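Chemist: Chains as they are written, first to last, in my numbering: chain A, 21 to 239; chain B, 21 to 239; chain C, 21 to 239; chain D, 21 to 239.
Ideal Cβ placement from N, Cα and C applies to all residues, glycine included.
What you are looking at is a predicted structure, and each value in this text was computed from that prediction instead of being measured.
Pasting a structure below so you can have a look.
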DNA sequence: AATGAATGAGATTTCATTCAT
DNA sequence: CATGAATGAAATCTCATTCAT
């Protein structure tokens, strides 16, 4: 009855230790889930395989995520939040729309982030996951709309500042830009890496902002 | 191209009648498969549902397609061929690269073709189907590479003619262009249709060829 | 297109043959399910075991019953209907309430019917099945209330005719009577069969109608 | 009966304190187990839920009861013993068989005891628990037979005293009486409470002892 | 003693594929 | 040819039980 009264520190320390371990475990699971998911897609990813890669038992996965779709949601949320956060930071800078959007492109194409965004984009456009989510939840979460809004805001600000072509509707600009974030979907079509992320940003940025016509031929 | 045209009467007539019926049946199956596949994705599409929509028994589907993945392959081939054919026709015209590519965009965005290309693109980037195909077949078929080559040829010709910016590597141009073909992946993110296909072509074409910067701000 | 037009008989014959086979299969499954269920109870009954006893594969069971609970519902319905039907027939006779109710007791205690009613009663009072049913359906079905109503009607008619003690509320009479239908719940408590069904009816009838006091001691 | 009464002070005091705490804990667990078991039945009751209701960890339950079935056994034993004790006390009075048995009915129908007996009766006739017990132990314990014997003794004494109808075999009387102890199994069939326990005793007693025939129609 | 994370056997259910009719 | 019943592998999820802390 008179417990944990005199040493709240200890208790907190202990519970936060456990909490940390829990977090680590959950992160490990998410990590492996991410790997398997991007290799195999939602349906061909089995809880068994995720567990095996983490080196734990199947049931343990369920200790952290109540169902397979929840695991995916957690992953999606993590990536969406991380992406959203970055986009929001970028949006707050005083840079031009072009610089801002190129920042986002760079962030997307780089390293580990790239993989994450890859999966994030894949999940975003996956019919099966979408159906599952709509059925069991009631939508894809608000981060998606938030993300769209942040980029829209950048685009609109660019238009207002006279930087971007105001005659093209923002939704079209938005979709087109989002499409640029996952050009790797077409990787298998082409093959290995011939271009560095940085180069890719320069090229894609140039395409998106200046078009692909040769400068001399521009009317 | 020149099949079953000059064959002797009776037998052929009968067999070609049967053949035609067979074809019709197969087409019907493909049609329904297409519908279900784009609604539910590969894994959530069941042979049972396809058969039910066609109004035939499950076994009958197997009479036409030896397995579920073969059904998808047939669909994919059909769409890829149709797309390839169109692209090849376009490539042979004397138009500029921009006009050619805008033709392809228009073809993709329009009507029923649009749906087909949608599914085609979805299958192209679907992890599960890709893995399945690599496992059971050994790749995605040659149409994909053929298609890439046709578009590459258009792009390279454009560069050679001084129409397109030669400083951007063709693979990047190619990927970016392919990315423009399935902007609907991001539909749920945005919502209903606010733009007609024709407008979309104009807007997307302008973005791809001239960029999104405001004309006045172009150096 | 011009099928089954000239020989509707054949078609019907064929389809009714299939239908009959289907029925037989379903009945066989129900039969085995009944056996396993009364041996092990709902939760310890596995579809695997039912299938094994029938000599078919697990999936085949699901071809006939969409889920385990549906299997139980079918069984329950069958028994409830059979019981209800009998009770209704009995209710329509011109016999006295006592004779009617003793008919029902006899019917319950006899042979195969006994087992069925046993299971029926067991399911009726099984917490797990009840919860399952309330959750997945929305109640126990109407047969149960119908059955209660039929017996209530008999009791009330008996009261009206001056045969039964009108000072005891019908619900109490009803519950008590229903309690008499599954005296075997207490079998393990007591042991093997020492009394024949017919004797049991006589004894139980005497208890229910005249009480257990010795005739001489009745005030 | 005469335990821990004369032991030396210190150690015993401490150990009996611990012992008492242990007992209290065990009782609390039993209490919650009882609640969950009667709500959900044996299989749908999870150790997790019991622990949660007590407010302890799952492992702690296992410190008190080596397995789930042991928990049920303990509960069953407790109720059976309590019931048995009461029945034995009643049996020792000088009352008539009717008064004795009505005492037992009253005890069963009243308040908290009622719930306990309810569960007790439910467990008694639960197929899954029975099978589990037979498998892991080897029977249902002796209290059950003891209880049967006590009631049998009352019945036989009643017969010997000329109070009860000696022409009805005692086993039948016994079963029938036991059947009266859990009329609530049929509650869902009827609905809410319209009768008080005391009234119920009077009605059920009258039925059991005098029958349901109208007094005037008794020959 | 108490905890609760981890385990893994086992249950339900789905569905591509086969094959006798 | 067409059918659709049958199959059984495989996947998700649950939960009694164990055990390191």
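List the endpoints of the continuous alpha helix (DSSP H) containing residue 77 of chain A.
Modeler: No alpha helix (DSSP H) contains residue 77 of chain A, which DSSP labels as neither H nor E.
Chemist: Out of D:58, D:181, D:232, D:116, state which residue places its alpha-carbon closest to the alpha-carbon of residue 185 of chain C.
Modeler: Closest by alpha carbon: D:232.
Chemist: From what residue to what residue does the alpha helix (DSSP H) around residue 180 of chain A run?
Modeler: Residues 162 to 180.
Chemist: Give the list of continuous alpha helix (DSSP H) stretches no shorter than 4 residues that lie fully inside the segment 34 to 115 of chain A.
Modeler: For the segment 34 to 115 of chain A, whole alpha helix (DSSP H) runs of length 4 or above, ordered along the chain, are 67 to 74, 78 to 84, 88 to 112.
Chemist: Quick one: which chain A residues come within Cβ less than 9 Å of residue 60 of chain B?
Modeler: The contacting residues are 147, 148, 151.
Chemist: Taking only beta-carbon positions, decide if residue 217 of chain A is within less than 8 Å of chain B.
Modeler: Chain B contact via Cβ: absent.
Chemist: Touch check for the segment 101 to 121 of chain A and the segment 161 to 170 of chain A: three-plus C-beta pairs under 8 Å?
Modeler: Contact between the segment 101 to 121 of chain A and the segment 161 to 170 of chain A is present, because at least three Cβ pairs lie under 8 Å.
Chemist: Under 8 Å, with one C-beta from each stretch per pair, do the segment 134 to 152 of chain A and the segment 60 to 72 of chain B reach the 3-pair mark?
Modeler: Yes, since at least three Cβ pairs between the segment 134 to 152 of chain A and the segment 60 to 72 of chain B fall closer than 8 Å, the two stretches touch.
Chemist: Using C-beta distances below 7 Å, list every residue in its chain close to residue 183 of chain D, excluding the 5 sequence neighbours before and after it, in chain order.
Modeler: Answer for residue 183 of chain D: 116, 117, 118, listed in chain order.
Chemist: Does the beta carbon of residue 210 of chain B come closer than 8 Å to any beta carbon on chain A?
Modeler: Its pLDDT being 43, under 50, residue 210 of chain B is placed unreliably by the model, and nothing is read from it.
Chemist: Taking C-alpha atoms, which residue in B:161, B:160, B:159, B:189 lies nearest to residue 173 of chain B?
Modeler: Comparing Cα positions, the closest option is B:189.
Chemist: So, is residue 221 of chain D buried or exposed, given that buried needs 16 or more other C-beta atoms within 10 angstroms?
Modeler: With 16 or more other Cβ atoms within 10 Å, it is buried.
Chemist: With DSSP as the reference, please indicate the residues paired to residue 184 of chain B in a beta bridge.
Modeler: Beta-bridge pairing links residue 184 of chain B to A:233.
Chemist: Assuming residue 266 of chain A contacts residue 197 of chain A under a Cβ cut-off of 8 Å, what Cβ separation, rounded to an integer in Å, is found between them?
Modeler: Residue 266 of chain A cannot be examined here, being either before or after the span of chain A that is shown, 21 to 239.
Chemist: Run through chain A and tell me which residues come within less than 7 Å of residue 63 of chain B, C-beta to C-beta.
Modeler: Residues of chain A passing the Cβ test: 63, 148.
Chemist: Any beta-carbon of chain C closer than 8 Å to the one on residue 230 of chain D?
Modeler: Residue 230 of chain D counts as touching chain C.
Chemist: Can you tell me the Cβ-Cβ gap for residue 99 of chain C and residue 136 of chain C, rounded? I've got them flagged as a contact below 8 Å.
Modeler: Confirmed, Cβ separation roughly 5 Å.
Chemist: Among the residues of its own chain, which have a CB less than 6 Å from the CB of residue 52 of chain D, if the five just before and after it don't count?
Modeler: The residues are 70, 73, 74.
Chemist: List the endpoints of the continuous alpha helix (DSSP H) containing residue 199 of chain A.
Modeler: Note, residue 199 of chain A: alpha helix (DSSP H), 190 to 201.
Chemist: Nearest-angstrom Cα distance between residue 94 of chain B and residue 152 of chain A?
Modeler: Taking the straight line from one Cα to the other gives about 27 Å.
Chemist: Look at the alpha carbon of residue 161 of chain A and the alpha carbon of residue 113 of chain A, and state the distance between them as a whole number of angstroms.
Modeler: Roughly 26 Å between the two C-alpha positions.
Chemist: Suppose the cutoff is 6 Å on Cβ atoms and the five residues either side in sequence are ignored; what does the same chain contact list for residue 46 of chain B look like?
Modeler: Hits under 6 Å: 84.
Chemist: Quick one, which of C:66, C:224, C:127 has its alpha-carbon nearest residue 193 of chain D's?
Modeler: When each option's Cα is compared against that of residue 193 of chain D, the closest is C:224.
Chemist: Which whole-angstrom value describes the C-beta separation of residue 129 of chain A and residue 227 of chain B, a residue pair presumed to lie in contact below a C-beta threshold of 8 Å?
Modeler: So it is not a contact: roughly 19 Å between Cβ atoms.
Chemist: Considering only the alpha carbon of each residue, which of D:219, D:216, D:234 lies closest to residue 180 of chain C?
Modeler: Cα-wise, what sits closest to residue 180 of chain C is D:234.
Chemist: Give every residue of the same chain whose Cβ lies closer than 8 Å to the Cβ of residue 37 of chain C, excluding the five residues on either side of it in the sequence, and list them in chain order.
Modeler: Cβ within range, chain order: n/a, list empty.
Chemist: So, residue 96 of chain D versus residue 143 of chain D, is the Cβ gap smaller than 8 Å?
Modeler: Cβ atoms of residue 96 of chain D and residue 143 of chain D: closer than 8 Å.
Chemist: Report the residues of the segment 66 to 89 of chain C with a CB closer than 7 Å to any CB of chain D, ordered along the chain.
Modeler: Result list empty, no residue passes.
Chemist: Residue 177 of chain A CB to nearest chain B CB: under 8 Å?
Modeler: Not an interface residue.
Chemist: So is residue 55 of chain C in contact with chain D if we call contact Cβ pairs under 8 Å?
Modeler: It does not; no Cβ of chain D falls within 8 Å.
Chemist: Step through the CB atoms of chain A and report whether any lies within less than 8 Å of the CB of residue 199 of chain B.
Modeler: Yes - at least one Cβ of chain A is within 8 Å of the one on residue 199 of chain B.
Chemist: Going straight from the alpha carbon of residue 76 of chain D to that of residue 44 of chain C, what length do you get?
Modeler: Going by the C-alpha atoms only, they are around 52 Å apart.
Chemist: With DSSP collapsed to three states, give me the class of residue 148 of chain C.
Modeler: If DSSP states are grouped into helix, strand and coil, residue 148 of chain C belongs with the helices.
Chemist: Excluding the 5 residues flanking residue 209 of chain D on each side, which residues of the same chain have their C-beta closer than 6 Å to its C-beta?
Modeler: Legend: pLDDT at residue 209 of chain D = 39, less than 50; position of this residue unreliable, value from coordinates given subsequently. Closer than 6 Å at the Cβ level, and outside the excluded window around residue 209 of chain D, lies no residue.
Chemist: Report the option in D:92, D:178, D:82, D:79 whose CA atom is closest to the CA atom of residue 311 of chain D.
Modeler: Only positions 21 to 239 of chain D appear in the structure, and residue 311 of chain D is not among them; the question remains open.
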